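Student:
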Amino acid sequence: MNISCILWQGFRKYSVFRRIKSKKGRGKSMEIRQLVTFERVAECLSFSRAAEQLGYSQSTVTIQIKQLEEEYHTQLFDRIGRHVRLTSEGERFLAFANDILNRIYEMRSDMGNENFKKHQLRLGVIDSLMEYHLSDVLLRLYEQHPNYQITIKSAPPSELVQEMTHNELDIIYLLDQPIYDKNWIKALEAKESIVFVTSAASPLARRENVSMEEVIHQPFFSTEAGENYRKALDQYLAARGMALSCFLEIQDPAIIIRMLKEHGGVSFLPYFCVVDQVTAGQLAIVQVEDFHMHMQRQCIYHRDKWVTEEMRAFLKLIH
4 MNISCILWQG FRKYSVFRRI KSKKGRGKSM EIRQLVTFER VAECLSFSRA AEQLGYSQST
64 VTIQIKQLEE EYHTQLFDRI GRHVRLTSEG ERFLAFANDI LNRIYEMRSD MGNENFKKHQ
124 LRLGVIDSLM EYHLSDVLLR LYEQHPNYQI TIKSAPPSEL VQEMTHNELD IIYLLDQPIY
184 DKNWIKALEA KESIVFVTSA ASPLARRENV SMEEVIHQPF FSTEAGENYR KALDQYLAAR
244 GMALSCFLEI QDPAIIIRML KEHGGVSFLP YFCVVDQVTA GQLAIVQVED FHMHMQRQCI
304 YHRDKWVTEE MRAFLKLIH
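If you count the sequence shown from 1, you need to add 3 to reach our numbering.
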């Protein structure tokens, strides 16, 4: 379908859409961003979740929905307590909104010459998330969009942030302390436990309140110093006059896990990396006295970045 056909059909749908408005007044013209906001609220059935996903404040989302309701003199959502539901007019409105937005997305694809479009997506990710979270997402993405061309860079968080800032990566997926910037949109933030882990056969596996000093003097296998949870551990130890001495430093958690299973020792890893081995009785969590650490799994892109079809597909699956 060529661009003129898409625009004409979109205009016809929009004209019909406008006719559901009351004759009482014209009001302020509807904006596409308001439709996007309405569609996201209808999908989430939550103003706060829609605001978080769109990178808006909740008040901005509320205002945009209110503007639509005032323009079309109708109630789009029932708001009873904390529960949000589409009204019958809201469901009717959603059908028109979906059609208009789909036409816009179709026009964007056609403008990019779909026959030659590469459907590129550039992702940056740290190693632990690559193997233990991202692999399943990529499988589903391939099943749904086998024509996509995805490039993945694995690197420490600081390097990934820099490349996203320079538009060398579309989306970055990190495990780190919460990081914020007014120029970023954070599409996902989820808390993850970081734990000391050892072989299930180790004496440490059967004890409670193990001292930190005893733990760090075990044969230690660790990710490389200077980034995310390893950096946080080093800072914690330094504040208490201690330091870590490692037999092996490597970015790949899978190799560390194999060393633990076959040779014992201790490591400090995200729980999601070792949950299968702990459940199977191969590894065990070391109960360290008065110690708990968490990091945030974060999916981030630049606020000024045009969110492509490929980015939308990835972000939908990562949730």
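Note that the Cβ used here is the ideal one computed from N, Cα and C, for glycine as well.
Since this is a predicted model, take the numbers as computed values, not measurements.
Taking a contact to mean a Cβ-Cβ separation below 8 angstroms, would you say residue 205 touches residue 264 in this structure?
Tutor: Not in contact: residue 205 and residue 264 (Cβ atoms no closer than 8 angstroms).
Student: Can you tell which of 301, 88, 72 and 37 has its C-alpha closest to the C-alpha of residue 195?
Tutor: Checked all of 301, 88, 72 and 37; the closest Cα to residue 195 is 301.
Student: Run through the segment 114–202 for me and flag every whole alpha helix (DSSP H) of 4 or more residues, listed as ranges in chain order.
Tutor: Qualifying alpha helix (DSSP H) stretches, in chain order: 138–147 and 160–168.
Student: Please state whether the Cβ-Cβ distance between residue 143 and residue 320 is less than 8 angstroms.
Tutor: In this structure, residue 320 lies closer than 8 angstroms to residue 143 by Cβ.
Student: Count the other CB atoms within 10 Å of the CB of residue 147; is the residue buried (16 or more) or exposed (fewer)?
Tutor: Classification for residue 147: exposed.
Student: Return the chain-ordered list of same chain residues with a C-beta closer than 6 angstroms to the C-beta of residue 123, the five sequence neighbours on each side being excluded.
Tutor: Same-chain partners within the cutoff: 152.
Student: Beta carbon of residue 274, beta carbon of residue 213: below 8 angstroms?
Tutor: Result no, Cβ atoms of residue 274 and residue 213 do not sit closer than 8 angstroms.
Student: I'd like to confirm the pairing. Which residues does DSSP put opposite residue 252 in its beta bridges?
Tutor: Per DSSP, 225.
Student: Would the segment 157–169 and the segment 211–225 be scored as touching if the rule is three or more Cβ pairs under 8 angstroms?
Tutor: These segments do not touch.
Student: Around the Cβ of residue 244, are there at least 16 other Cβ atoms within 10 angstroms (buried) or fewer (exposed)?
Tutor: Classification of residue 244: exposed, given that the 10 Å Cβ count is below 16.
Student: Excluding five sequence neighbours on each side, which residues of the same chain lie with their C-beta closer than 7 angstroms to the C-beta of residue 291?
Tutor: Cβ within range, chain order: 199, 213, 215 and 218.
Student: If you check the beta carbons only, do residue 304 and residue 188 fall under 8 angstroms apart?
Tutor: Cβ atoms of residue 304 and residue 188: closer than 8 angstroms.
Student: From which residue to which residue does the beta strand (DSSP E) around residue 300 run?
Tutor: Looking at the DSSP string, the run of the beta strand (DSSP E) that includes residue 300 is 296–305.
Student: Once DSSP output is grouped into helix, strand and coil, what is the label at residue 289?
Tutor: Three-state result, residue 289: coil.
Student: Do the segment 220–230 and the segment 242–261 make contact, defined as three or more Cβ pairs closer than 8 angstroms?
Tutor: Touching, yes.
Student: Nearest to residue 87 by alpha carbon, out of 68, 74, 104 and 100?
Tutor: Closest option to residue 87, Cα to Cα, is 68.
Student: Could you spell out where the beta strand (DSSP E) holding residue 270 opens and where it closes?
Tutor: Here the beta strand (DSSP E) through residue 270 covers 269–273.
Student: Could you compute how far the alpha carbon of residue 298 sits from the alpha carbon of residue 190?
Tutor: Going by the C-alpha atoms only, they are around 16 angstroms apart.
Student: Please classify residue 93: is it buried, with 16 or more other beta-carbons within 10 angstroms of its beta-carbon, or exposed?
Tutor: Under this definition residue 93 is a buried residue.
Student: Drop a sphere of 10 angstroms on the beta-carbon of residue 250, count the other beta-carbons inside from all chains shown, and report buried for 16 or more, exposed for fewer.
Tutor: Label assigned to residue 250: exposed.
Student: Can you tell me which of 296, 236, 96 and 248 puts its alpha carbon nearest to the alpha carbon of residue 72?
Tutor: Minimum Cα distance to residue 72 is reached at 96.
Student: Given residue 121, which residues of its chain have a CB within under 8 angstroms of its CB, disregarding the five upstream and five downstream residues?
Tutor: If we look at residue 121 and ignore the five residues flanking it on each side, its Cβ neighbours are 152.
Student: Considering just the uninterrupted stretch of the alpha helix (DSSP H) at residue 89, what are its terminal residues?
Tutor: That residue, residue 89, is in no alpha helix (DSSP H); its beta strand (DSSP E) goes 86–89.
Student: Identify, in the order they occur along the chain, each residue of the same chain with its Cβ nearer than 7 angstroms to the Cβ of residue 237, setting aside the five sequence neighbours on each side.
Tutor: Cβ neighbours of residue 237 beyond the five flanking positions: 228 and 247.
Student: Along the beta strand (DSSP E) that carries residue 82, what are the first and last residues, could you check?
Tutor: Where residue 82 is concerned, the enclosing beta strand (DSSP E) stretches over 80–83.
Student: Would residue 174 and residue 107 qualify as a contact pair, given that the criterion is a beta-carbon distance under 8 angstroms?
Tutor: Going by C-beta atoms, residue 174 is not nearer than 8 angstroms to residue 107.
Student: For residue 310, does the count of other Cβ atoms within 10 angstroms reach 16, so buried, or fall short, so exposed?
Tutor: With fewer than 16 Cβ atoms within 10 Å of its Cβ, residue 310 is classed as exposed.
Student: Leaving out the 5 sequence neighbours to the left and right, which residues in its chain are closer than 6 angstroms to residue 81 when beta-carbon positions are compared?
Tutor: Within the same chain, residue 81 has close Cβ partners 88 and 90.
Student: In the DSSP assignment, find the alpha helix (DSSP H) that holds residue 40 and state where it starts and stops.
Tutor: Here the alpha helix (DSSP H) through residue 40 covers 35–47.
Student: Exposed or buried, what is residue 317 when buried is set at 16 or more other beta-carbons lying within 10 Å of its beta-carbon?
Tutor: The residue in question, residue 317, is buried, as its Cβ has 16 or more Cβ neighbours within 10 Å.
Student: Could you name the residues of the same chain whose beta carbon sits closer than 6 angstroms to that of residue 242, not counting the 5 residues immediately before and after it, in chain order?
Tutor: Closer than 6 angstroms at the Cβ level, and outside the excluded window around residue 242, lies no residue.
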